[in-house]
Structures are given as C-alpha cells and as structure tokens.
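Accompanying notes for the structure given below.
There are 2 protein chains.
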Amino acid sequence: MTPTPATDSTSTTPDGTLDNVLDGDLLSLDKQICFSLHAASRAFNGVYRVLLKDLGLTYPQYLVMLVLWERGELPVKKLGEHLRLDSGTLSPLLKRLEAAGLVRRERSARDERSVEVRLTEEGRALRERALEVPRRIATATGFDLDELRALRTRLDRLTTALDEAALEETPGCG
Amino acid sequence: MTPTPATDSTSTTPDGTLDNVLDGDLLSLDKQICFSLHAASRAFNGVYRVLLKDLGLTYPQYLVMLVLWERGELPVKKLGEHLRLDSGTLSPLLKRLEAAGLVRRERSARDERSVEVRLTEEGRALRERALEVPRRIATATGFDLDELRALRTRLDRLTTALDEAALEETPGCG
DNA sequence: CGTCATTTAGTTGTGCGCAATTGAATTGTG
DNA sequence: CACAATTCAATTGCGCACAACTAAATGACG
Chain E
3 MTPTPATDST STTPDGTLDN VLDGDLLSLD KQICFSLHAA SRAFNGVYRV LLKDLGLTYP
63 QYLVMLVLWE RGELPVKKLG EHLRLDSGTL SPLLKRLEAA GLVRRERSAR DERSVEVRLT
123 EEGRALRERA LEVPRRIATA TGFDLDELRA LRTRLDRLTT ALDEAALEET PGCG
Chain B
3 MTPTPATDST STTPDGTLDN VLDGDLLSLD KQICFSLHAA SRAFNGVYRV LLKDLGLTYP
63 QYLVMLVLWE RGELPVKKLG EHLRLDSGTL SPLLKRLEAA GLVRRERSAR DERSVEVRLT
123 EEGRALRERA LEVPRRIATA TGFDLDELRA LRTRLDRLTT ALDEAALEET PGCG
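Line order of the protein sequences matches chains E and B.
The first sequence begins at 3 in my numbering and counts up by one.
The second sequence begins at 3 in my numbering and counts up by one.
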C-alpha cells in the first residue's frame, strides 16, 4: 500500500510553470502534495512518538527539551520564538514538563511579567538518554546525512516562502 | 528572522554516513531537522488555513473534500485509508461537515456497520470555489511544478521509510 | 505624577491526531 | 443453528495548535 494516489493528470505539462495548467489538474496535484506533506509530517511524528515513549516525552515536549539542553534556561517568550509557538501552546506544555519534574518555572525577579524556564537536575540528566534518539531517527528516514541536510534546507526555504505568503494573504496586510 | 538555528556543528563530517558522527552533533542536527519539519508543516497548514477560511473549511476537512470531489461517495473506512486517518479523527470531522451541509452520512443498506459519506449539492458546488486554492498555494511555496512534484516524491519516500521503521520499532513486531 | 499603550503569561474554546475502548453487525467455524 | 472472531463506526481521554481574550507588569509620554 503506497501513499501515492492513483492519478497523475499533471504529467502532461511540458514546462514547470504554472500559467498553462488546467485548474482541475492543479487540484489533483494539490491533493497529492497535501496528502504527501500531511502524511510525512504525521509519519515523522509517529516515529518520534515511539522513540520518545521511553523518555516519557511527546514530540513537542522533546522540541522544548532540545532547546533547553542547548540554552539551559530562558524565558517563555524566547522559547516561543525559537519554536514558533505561543503561550497558548507552551503554558500547558510547560506545566506538564514541570509536573514531570524535568523543568521549573519561576517569575523573573527583574520583570515580573516574564517566567523563566530552567532544567531541573532530572531534566538535565534526561539528555543522556536522549542522545540515541537522533541516530535512530536518521536511520528510520533511510536518508544519509547529506540528504537530511538537503531536506532541512528545502524545508526551511519552503517555510520562509510560506510565511511571507501568509502575511500577504492575511486580510489587512496587502 | 530566519528559521535556521545558529549552530551547525555537523558540518565537519566529510562523508554522509552516520557511523563516525558524535552523538552530540547528531542531537544538534536532529534539533534542526525537527524544527524545520515541524515549522514547515505548520507553515503549510497556516497558508491553507488562510485560503480555506473563505470556504469555511479547515485543512483536514479540505483533504476530505478533495477525496470526495474525486470519488463522489465512499464509506468512512475507505476515506480513512485514503487519508490514513481513523474513525477517531474522521467521525467528528464528518459530523461537522454534515452540520455545514456539505455532506450526508447514512448507514449502508447492505452492511449496517458501514457508513456511506456522500456530497450534497452544496458540497459538490463548493468545488468550483476551491479550484483557485491550489494555484495560490503553489504560488505561495515559491516552487515551480517540477519542484513541487520532486518534493512530493521525496516526502512519499520519507513516509514509506518512516512507516516501515515505525513498524520495526513498535514493541512486539520485531 | 497619572494615564495609556505595550509586553508577557495564562485561560478558554475549537478542531485535529491518536490510543484505547465500546457496541453493533457481519463472517467464519463447528 | 450457536458461538467465537472479526470488522466498522463511534466515543472517550489526552495532548497539541491556534485564535481570541484576560490580567498583570512595564514603559512612554504629557
């Protein structure tokens, strides 16, 4: 059972430009891209879920820990900037990490609006057990390091383009 | 503000194999891949959200409609196979589509376990308004058609590899 | 100094994704 | 036929993503 849909009605276009493509063909290609991206994202998520289960972490929690392992401690705001997540997502997530004993949250003394997130000893220790995760992920993709880097570059390019487009599409920003 | 993290401590490895890479380096690369993929997925989702708002659809609902526009009618089970989603996700989603008047759900006469999902006239009509979405998405990515197809191929390869790896990782399937 | 805009976390509500379970219908087997 | 196993949709529970809002602290400005 391959993830590839049956039809590929766009294969008749000679060049790669968008202008002389039928809308129906585009809708079909869009369907394929949608599915592929959506499926890839969830498949990736699924592999992480399996690997992270031993560590008691979800995938987004792992992302937070990766940042904290690198930086040690930082306010929720900065964390959100690194991860492109807002407090609506981070606040409950951090509470769960705190409940798990991996993290402490305390109001900053110099700015009482801010909340500092720092690793506990237990949280710092978890890094050792996490070290094997990336290798197993890399193996799971079937890609070598160069391919992984290339994929990263391509995804970043995609994200940048999409973010810019999103800004232009948003009503009131044109 | 680029999505690219600061360090790239993996750039010292000469070949693309995994064997002679330090765990710390891999953890760093993993962080970058994680972020890139997660960010790309959400950025894509965000652009769709903006474009689909006019149609009153969420991104997953759009995926369902794409399948229905192509097939017209099919049971929940088949829909789930196409989208790789289970009834836990599809059941409430389909209820919302039904509440929106785009879809009807009715028990199959020949097999009362199965539920047939079919487009209403309104649901069928929505396709016309959806035809412009793919072109705007394609434009938003900044990729041309060939690049989009290449991306799709790469993502499908990734998904296949990850799914296989997930099966092997799952306890009790080795 | 007081007032107002901004910054920062947190809360609420909606929807998705997935695991686990339930319950009904069907199929297979003796 | 009776009974066990399977199939299918729905439900429940948890966590994440995001929009919209609240509340408190800070900073800027008259």
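A virtual CB, placed ideally from N, CA and C, is assigned to each residue, including glycine.
Identify, in the order they occur along the chain, each residue of the same chain with its Cβ nearer than 6 Å to the Cβ of residue i, setting aside the five sequence neighbours on each side.
{"i": "E108 of chain E", "result": "E118"}
{"i": "L68 of chain E", "result": "none"}
{"i": "Y64 of chain B", "result": "L54"}
{"i": "R98 of chain E", "result": "none"}
So which of the options has the shortest CA-CA distance to residue i?
{"i": "V52 of chain E", "options": "E:W71, E:D158 and E:V135", "result": "E:V135"}
{"i": "A101 of chain E", "options": "E:G90, E:D113 and E:L121", "result": "E:L121"}
{"i": "L92 of chain E", "options": "E:V66, E:L76 and E:R115", "result": "E:V66"}
{"i": "H40 of chain E", "options": "B:K79, B:A168, B:R106 and B:T161", "result": "B:T161"}
{"i": "L29 of chain E", "options": "B:L147, B:D158, B:R159 and B:A152", "result": "B:L147"}
{"i": "L59 of chain B", "options": "B:V78, B:R137, B:F145 and B:L128", "result": "B:L128"}
{"i": "R86 of chain E", "options": "E:P62, E:L99 and E:R98", "result": "E:P62"}
{"i": "D113 of chain E", "options": "E:D88, E:R138 and E:P77", "result": "E:P77"}
{"i": "H126 of chain E", "options": "E:K33, E:P94, E:L96 and E:E75", "result": "The question names His, but residue 126 of chain E in the sequence shown is Arg. Of the candidates E:K33, E:P94, E:L96 and E:E75, the one whose C-alpha sits nearest the C-alpha of R126 of chain E is E:E75."}
{"i": "H84 of chain E", "options": "B:P94, B:K33, B:E130 and B:S110", "result": "B:K33"}
Under a CB-based cut-off of 7 Å, is residue i close to chain B?
{"i": "Q63 of chain E", "result": "no"}
{"i": "G144 of chain E", "result": "yes"}
{"i": "D158 of chain E", "result": "yes"}
{"i": "G48 of chain E", "result": "yes"}
{"i": "L68 of chain E", "result": "yes"}
{"i": "L95 of chain E", "result": "no"}
{"i": "R86 of chain E", "result": "yes"}
{"i": "G176 of chain E", "result": "Bear in mind that a pLDDT of 34 at G176 of chain E, under 50, signals an unreliable position, so the number given afterwards is only what the model happens to contain. Cβ-Cβ to chain B under 7 Å: no for G176 of chain E."}
{"i": "T6 of chain E", "result": "With a pLDDT of 39 at T6 of chain E, under the threshold of 50, the modelled position of that residue is not reliable, and no figure is offered here."}
{"i": "R154 of chain E", "result": "yes"}
{"i": "L150 of chain E", "result": "yes"}
{"i": "A167 of chain E", "result": "yes"}
{"i": "A111 of chain E", "result": "no"}
If we cut at 7 Å on Cβ distances, does residue i have a partner in chain E?
{"i": "P136 of chain B", "result": "yes"}
{"i": "T91 of chain B", "result": "no"}
{"i": "A101 of chain B", "result": "no"}
{"i": "K33 of chain B", "result": "yes"}
{"i": "A163 of chain B", "result": "yes"}
{"i": "V105 of chain B", "result": "no"}
{"i": "V117 of chain B", "result": "no"}
{"i": "L28 of chain B", "result": "yes"}
{"i": "V52 of chain B", "result": "yes"}
{"i": "A45 of chain B", "result": "yes"}
{"i": "L39 of chain B", "result": "yes"}
{"i": "A127 of chain B", "result": "no"}
Is it the case that the Cβ atoms of residue i and residue j are separated by a distance below 7 Å?
{"i": "E72 of chain B", "j": "G103 of chain B", "result": "no"}
{"i": "V49 of chain B", "j": "A45 of chain E", "result": "no"}
{"i": "L150 of chain B", "j": "I35 of chain E", "result": "yes"}
{"i": "A140 of chain E", "j": "L157 of chain B", "result": "no"}
Less than 8 Å between the CB atoms is what I'm expecting for residue i and residue j, so what's the real figure, rounded?
{"i": "A142 of chain E", "j": "L81 of chain B", "result": "Actually they do not touch by this definition, with Cβ atoms about 28 Å apart."}
{"i": "L31 of chain E", "j": "A132 of chain E", "result": "That pair is no contact at about 39 Å."}
{"i": "K79 of chain B", "j": "S116 of chain B", "result": "7 Å"}
Within the same chain, show all residues whose beta-carbon is closer than 7 Å to that of residue i, passing over the 5 residues directly before and after it, in chain order.
{"i": "E166 of chain B", "result": "none"}
{"i": "R106 of chain B", "result": "E100, R120 and T122"}
{"i": "A111 of chain E", "result": "none"}
{"i": "R138 of chain E", "result": "L53"}
{"i": "L95 of chain B", "result": "P62, Q63 and V66"}
Residues in the same chain with beta-carbon distance under 8 Å from residue i, minus the five sequence neighbours each way, listed in chain order, please.
{"i": "D88 of chain B", "result": "G82"}
{"i": "F145 of chain E", "result": "L153"}
{"i": "N47 of chain E", "result": "Y61"}
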